[in-house]
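**Student:** Here the sequence shown stands for residues 453 to 1135, numbered as in my numbering.
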Amino acid sequence: MTGEVIFDPLLPLPLLWAAVALAVLMVGFALWRGLGGWWLRGLAAVAILAALANPSLQTEERTPLSDIVVLVVDESASQRLSDRPDQTARAVDRVRAEVAALDNTELRIVRFGDGAGDEGTMLMTALSEALAEVPRARLAGAILLTDGQLHDLDRAPSLPAPLHALLTGQEDDWDRRLVVKNAPAFAILGEEVTLTLKIEDQGAVPETMGGTTSVTVAVDGGEPQSYRVPIGQDLDVPVVLDHAGQNVIQFSVAEQPGELTDRNNAAVVQINGVRDRLRVLLVSGEPHPGERTWRNLLKSDSSVDLVHFTILRPPDKHDGVPVSELSLIAFPTRELFLDKIDEFDLIIFDRYKRRGILPAVYFDNVRNYVEKGGALLIAAGPDFAGAESIYRSPLADILPAEPSARVIEQGYRPEITDLGQRHPVTEGLKAEAGGAWGRWFRLVDLVPKRGEVVMSGIDNRPLLVLDRVGEGRVALLASDHAWLWTRGFEGGGPQLELLRRLAHWMMKEPELEEEALSATAEGQVMTITRRSLSEDPRSVEIARPDGGTDRLDLTETAPGRFTATYEGPEMGLYRLTDGTLETVIALGPAAPREFEETIASGARLDAPVAATRGGILPLHAGMPDLRTVREGRRAHGRGWLGITPRGAYLTSDVTITPLAPAWVFLLLAALLSVGAWLREGRR
453 MTGEVIFDPL LPLPLLWAAV ALAVLMVGFA LWRGLGGWWL RGLAAVAILA
503 ALANPSLQTE ERTPLSDIVV LVVDESASQR LSDRPDQTAR AVDRVRAEVA
553 ALDNTELRIV RFGDGAGDEG TMLMTALSEA LAEVPRARLA GAILLTDGQL
603 HDLDRAPSLP APLHALLTGQ EDDWDRRLVV KNAPAFAILG EEVTLTLKIE
653 DQGAVPETMG GTTSVTVAVD GGEPQSYRVP IGQDLDVPVV LDHAGQNVIQ
703 FSVAEQPGEL TDRNNAAVVQ INGVRDRLRV LLVSGEPHPG ERTWRNLLKS
753 DSSVDLVHFT ILRPPDKHDG VPVSELSLIA FPTRELFLDK IDEFDLIIFD
803 RYKRRGILPA VYFDNVRNYV EKGGALLIAA GPDFAGAESI YRSPLADILP
853 AEPSARVIEQ GYRPEITDLG QRHPVTEGLK AEAGGAWGRW FRLVDLVPKR
903 GEVVMSGIDN RPLLVLDRVG EGRVALLASD HAWLWTRGFE GGGPQLELLR
953 RLAHWMMKEP ELEEEALSAT AEGQVMTITR RSLSEDPRSV EIARPDGGTD
1003 RLDLTETAPG RFTATYEGPE MGLYRLTDGT LETVIALGPA APREFEETIA
1053 SGARLDAPVA ATRGGILPLH AGMPDLRTVR EGRRAHGRGW LGITPRGAYL
1103 TSDVTITPLA PAWVFLLLAA LLSVGAWLRE GRR
C-alpha cells in the first residue's frame, strides 16, 4: 500500500492563484505597517488557501508485476552454418536459466527465420514485433542471439532498457565468395558484352590458401570450362551469346577445406539474347501477285534488313537493247551466293526456277550454307513442278519433299495437320485467326521424303513441310497463293503470323522449338513447360541447389505442350532434365543475400546497442552472466550483461480521504485572525 497527498481545488486555478497573490499582498502590507500579528495573519491566509485547495490523502493497493526480458533468436540460413545451431541452442538454455535465477523476472523467446523473397535477415523487424507485445514499463532488457549479419538496421526500435547481442561463430571462421558486380539484362547476339566478377575472402583466411583460385564457367548447363584467376581483384569476363532468348551463365568457385559454406561460391547471370537485325535475302523469279506481298510483309518489320532481287532478264535474252540503256541492274550472283551468303539469316526463293543465272555451284553453296546453320524457305509455284525446278539442283539433297510434276488448280482451304497442331509454328493458328480461312487455288503436288508436314491442302496433300538439315533448317511451301490471305479474300488468313513464326523457327528462337524444355519463375514458384511432337507421358527430374532431387510428372495442357508447377524450397540454381533435354533456372540469386557475408560480426549492431548502454559479446569466449543494474548505468562488462529492473505494478484499489473538513480550516483561520487582532490590540 502507498499513499500521497493530492489536491482538488474548490475554485478554478486562476482564481486560486489570484487569492494567493491577494494574501501575499495583505501580509506584506501588514509587515510594512509594522503590525505585530502579521505572521498570524499570514497563517490565517494559509489556512483559508488550504481549505480552498481541498487537500486529500490518496492510498493505492498495488500488485507488483514481473520484469520481462526478450530474447530474439536468429534462425536464418546463415545461422545454420558450421556449429552455430549448437551454439544457439546452448545459449538459449543458458539465458533461460539465468533469467529464472533472477527475482520477479520472466523470459520471452521470439524466433524468426529467413525474410520473404531475398530480404535477408530481418532482425530488427522481429525485435520490433516482439516489443509491440511487451508493455514498455515492464521491459527490463532485450538480447539478440545472432551472427550480426542483418539487413533491416533502419528499422531498429527505441528501447527503455538495455539491448545486448550474443554473437555466434568462431574466431577462426573464414569464407570465400564470388560476386557479380556488373551484368547486363540484355545483349545482342554475336556481340561481346563484359561481365565484372570478383572473388573475395572473408574472415580468418588460412595462409595456405594462396592468391589465386579456379573459376568454372558453364552456359545453359553445358560443359563447364575452368580458368585460373586472382583473388580480390575485379575480373572482366567477355561473353558472346550464341542463341536468342534466355541465356543462363553460371560461375562457380570450388569449395575450399574449412570455409563456412559453398552457397556463395556460385553466381548465376541470366541474359536475354536479342537479335540486332534479321538479314533476309529474297530472290523472286517470275513476277506474280504474291511477290509484292512477300516484300511488304518483310519490310513491315523494322528489325528486318531485306535484300530483294527479281530475275526479269535471263542472260540468254537478246532483244537488241543496248546494255547502257537498260534500267535494270546486273544480278550480283557471285557476291550474294559466294562472298556474302553467310551474312544472311534467311534466304527465300519465291517462285524461282533455274534460268541459267545461278550455276550449280551456287546452289551447292546454298546447300552448304544451310547445313552449317543457315535457313532456307522455298515458296513454290508451278515452276517447281517443271523441268526447270530448283529441285533439279544440289538443293534436292536438303529439300524435305520432291515434286511429282503435277500442279493442281482447284479451290481449297489450307488446314493444320494433327502434327501441325503440336508444332509451335502452326499451333493455335486456327484459333487466333478466328475459325475458317480463305481459299487458295493452286497446290504443287509433293512427295514427302522427311521432315514434318504441318499444313495440308487438297485431299490432305502436303502444303507446308518443315525439316532440319545439319545445323540449319528448311521450309517448303507448296503454293504461291498465300497472298490471297493478305488481300482478305474470303476472310483471308494469318499469313503475317505464319511468316513470323516460320522466320523465328528457322532462326532457332527458343520459344518456337518443337522439342524444348523450359522453365519460368515467379518468386519461388517455377512453371515447367515441355514441348514435344510426340504424345508420350512426360516427367522431369529437378536437381535442387542443396544436392537433392525431385521428380515431377507433367500434364498435357495443350497439344504438344506439357506443363507443371514446382515450388522451390530455397533460392539458388535448379537443373531440370527429362532424360533427353536439360535446362537450368535460377530462383532468386544463386548466392542469396543471406550468404553475402557469413562471418559473424557485431559492427552493424554497434549503434543500436550503444544507444542503450548495452554490450556485444561473442559466444566463443563463453556465455556471460546476467546481472541487474540501475537505470542509466553501464549495462555490460567482462563476462556479464545487465538488465534494468522496472518495478512495474498494477493498481488494484484507490482510496481518497480528505485531510480535514473545510470547517476545521475555517475555524483555524478565524482563531489565527482573532489572535492577530488581540496581539495588535494589546500593543
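Cβ coordinates follow ideal geometry from the N, Cα and C atoms, glycine included.
Any chance the region 657 to 673 sits against the region 687 to 700, with 3 or more Cβ pairs inside 8 Å?
**Tutor:** yes
**Student:** On the three-pair Cβ rule with 8 Å, is the region 938 to 953 touching the region 888 to 899?
**Tutor:** yes
**Student:** With a Cβ-Cβ cutoff of 8 Å, do residue 823 and residue 903 count as a contact?
**Tutor:** no
**Student:** Pull up the distance between the alpha-carbon of residue 757 and that of residue 730, whole angstroms please.
**Tutor:** 6 Å
**Student:** Between the alpha carbons of residue 975 and residue 1039, how many angstroms are there, rounded?
**Tutor:** 7 Å
**Student:** Across the region 622 to 641 and the region 710 to 729, are there enough close Cβ pairs to call them in contact, namely three or more that are closer than 8 Å?
**Tutor:** yes
**Student:** My guess is that residue 894 and residue 932 are in contact by the Cβ rule of under 8 Å, so how many angstroms apart are they, rounded?
**Tutor:** Confirmed, Cβ separation roughly 6 Å.
**Student:** Taking all protein chains shown into account, do 16 or more other C-beta atoms lie within 10 angstroms of the C-beta of residue 1035, making it buried, or fewer, making it exposed?
**Tutor:** buried
**Student:** How is residue 495 classed by DSSP in three states: helix, strand or coil?
**Tutor:** DSSP places residue 495 in helix when its eight states are reduced to three.
**Student:** Okay, do the region 465 to 472 and the region 1064 to 1084 touch, 3+ Cβ pairs below 8 Å being the bar?
**Tutor:** Output reads no: the region 1064 to 1084 does not touch the region 465 to 472.
**Student:** Expressed to the nearest angstrom, what Euclidean distance is found between the alpha-carbon atoms of residue 800 and residue 829?
**Tutor:** 5 Å
**Student:** Round the Cβ separation of residue 948 and residue 930 to the nearest angstrom and send it over; I've been treating them as touching at under 8 Å.
**Tutor:** Actually they do not touch by this definition, with Cβ atoms about 20 Å apart.
**Student:** Pick out whichever of 554, 626, 646, 899 has its Cα sitting closest to the Cα of residue 660.
**Tutor:** 626
**Student:** Any contact between the region 861 to 880 and the region 1005 to 1015? By contact I mean 3 or more CB pairs, one from each, below 8 Å.
**Tutor:** yes
**Student:** Please report the residue range of the beta strand (DSSP E) in which residue 519 lies.
**Tutor:** Counting along the chain, residue 519 sits inside the beta strand (DSSP E) bounded by residues 519 to 526.
**Student:** For residue 492, which residues in the same chain have their Cβ closer than 6 Å to its Cβ, ignoring the five residues on either side in sequence?
**Tutor:** 1124, 1127, 1128, listed in sequence order.
**Student:** I need the boundaries of the alpha helix (DSSP H) containing residue 843, first residue and last residue.
**Tutor:** Looking at the DSSP string, residue 843 is not in any alpha helix (DSSP H), and its letter there is neither H nor E.
**Student:** Which residues in the same chain as residue 655 place their Cβ atom closer than 7 Å to its Cβ, once the five residues preceding and following it in sequence are excluded?
**Tutor:** 625, 626, 627, 1051
**Student:** Would you call the region 838 to 858 in contact with the region 802 to 818, where contact means no fewer than 3 C-beta pairs closer than 8 Å?
**Tutor:** yes
**Student:** Within a Cβ cutoff of 6 Å, which residues of the same chain sit near residue 596, ignoring the five residues on either side of it in sequence?
**Tutor:** 524, 617
**Student:** Could you work out which residue in 483, 849, 1056 is closest to residue 604 when comparing CA atoms only?
**Tutor:** Checking every option, the nearest Cα to that of residue 604 belongs to 1056.
**Student:** Start and end of the beta strand (DSSP E) containing residue 650?
**Tutor:** 644 to 655
**Student:** Let me confirm a value: residue 572 is counted as buried when at least 16 other C-beta atoms fall within 10 Å, else exposed. Which label applies?
**Tutor:** buried
**Student:** Is the CB-CB distance between residue 505 and residue 1121 below 8 Å?
**Tutor:** no
**Student:** For the putative contact between residue 620 and residue 536, defined by C-beta atoms under 8 Å, what is the C-beta separation to the nearest angstrom?
**Tutor:** At roughly 4 Å, the Cβ-Cβ gap stays under 8 Å, so residue 620 and residue 536 are in contact.
**Student:** From residue 487 to residue 501, what distance separates their C-alpha atoms?
**Tutor:** 22 Å
**Student:** To the nearest angstrom, how far is the alpha carbon of residue 540 from that of residue 689?
**Tutor:** 41 Å
**Student:** Check the C-beta distance from residue 609 over to residue 579 and give it rounded, since I have them as a contact under 8 Å.
**Tutor:** 6 Å
**Student:** Nearest CA to the CA of residue 966: which residue from 919, 561, 576?
**Tutor:** 919
**Student:** Beta carbon of residue 802, beta carbon of residue 734: below 8 Å?
**Tutor:** yes
**Student:** If you pair each beta-carbon of the region 954 to 961 with each one of the region 845 to 858, do three or more pairs fall below 8 Å?
**Tutor:** no
**Student:** What does the Cβ neighbour count give for residue 553, buried or exposed, with the cut at 16 atoms within 10 Å?
**Tutor:** exposed
**Student:** Around the C-beta of residue 745, are 16 or more other C-beta atoms found within 10 angstroms, so that it is buried, or is it exposed?
**Tutor:** buried
**Student:** Is residue 616 helix, strand or coil when you go by DSSP?
**Tutor:** strand
**Student:** Excluding the five sequence neighbours on either side, which residues of its own chain have a C-beta within less than 7 Å of the C-beta of residue 647, listed in chain order?
**Tutor:** Sequence-distant partners of residue 647 (beyond 5 residues in either direction) whose C-beta falls short of 7 Å from its own C-beta, in its chain, are 632, 634, 635, 689, 691, 721.
**Student:** Kindly indicate the opening and closing residues of the beta strand (DSSP E) around residue 907.
**Tutor:** Residue 907 -> beta strand (DSSP E) spans 904 to 908.
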